[in-house]
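**Student:** Numbering (the numbering used here), first residue to last: 7 to 174.
We treat Cβ as the ideally placed atom computed from N, Cα and C, and that holds for glycine.
Here the structure is a predicted model, which means the values were calculated and not measured.
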């Protein structure tokens, strides 16, 4: 059941920004739900599984978006590592700290996407990059109080909790 739920959350995080959040966008800026899900998974798993999740999710997002293969793969691996590293040093139960962490890590991830896009030949101005980074980071941070309590409880006590093979 755990893997089915993670797969459903993955599919929703790919589909919702192009459908539902298209109508809730601010100046064309939508949340990066897959980056948010990657942060949540990296915070609640070991480093290796968080990095593997970031690698696989980023590669599938690259295939879904279809233009620059490797851009989101690299970005989500960096986001998973940074989320794990910060979660080891910060208290995961504190939602205010988690909101701040999501803002910081999303900013780093979006900056990486912006610089990789510039390297791929896209012509963005610094104003556009700043608006994108701040907008997506704020949007993801605003979603934390709505999403993190449910996901955190599910990772700690619910259906997303890891159970070793001998407990199943």
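Could you check which residue in 114, 48 and 36 has the C-alpha nearest to that of residue 19?
**Tutor:** With distances taken between Cα atoms, residue 19 lies closest to 36.
**Student:** Assign residue 33 to buried or exposed, taking buried as 16 or more other Cβ atoms, counted over all protein chains shown, within 10 Å of its Cβ.
**Tutor:** When all chains shown are included, residue 33 counts as exposed.
**Student:** Given residue 11, which residues of its chain have a CB within under 7 Å of its CB, disregarding the five upstream and five downstream residues?
**Tutor:** Taken in chain order, the residues that qualify are 165 and 166.
**Student:** I need the DSSP call for residue 75, collapsed to helix, strand or coil.
**Tutor:** Coil at residue 75, not helix or strand.
**Student:** Against chain B, does residue 34 count as a neighbour if the rule is that its beta carbon must be under 8 Å from one of theirs?
**Tutor:** No chain B appears in the structure shown, which is made up of a single protein chain.
**Student:** Pick helix, strand or coil for residue 30, following the three-state DSSP scheme.
**Tutor:** Residue 30: coil per DSSP, three-state reduction.
**Student:** Do the stretch 56–65 and the stretch 94–101 touch if we need at least three Cβ pairs shorter than 8 Å?
**Tutor:** They do not touch, by the three-pair rule.
**Student:** For residue 73, which option in 137, 127 and 144 has the closest C-alpha, if you only look at C-alpha atoms?
**Tutor:** Checked all of 137, 127 and 144; the closest Cα to residue 73 is 127.
**Student:** Ignore the nearest five residues each way along the sequence and tell me which others in residue 81's own chain have a CB closer than 8 Å to its CB.
**Tutor:** 41, 64, 115, 118, 119 and 122, listed in sequence order.
**Student:** Check whether the stretch 87–94 touches the stretch 143–156, counting contact only when three or more Cβ pairs, one atom from each stretch, lie closer than 8 Å.
**Tutor:** No, they do not touch.
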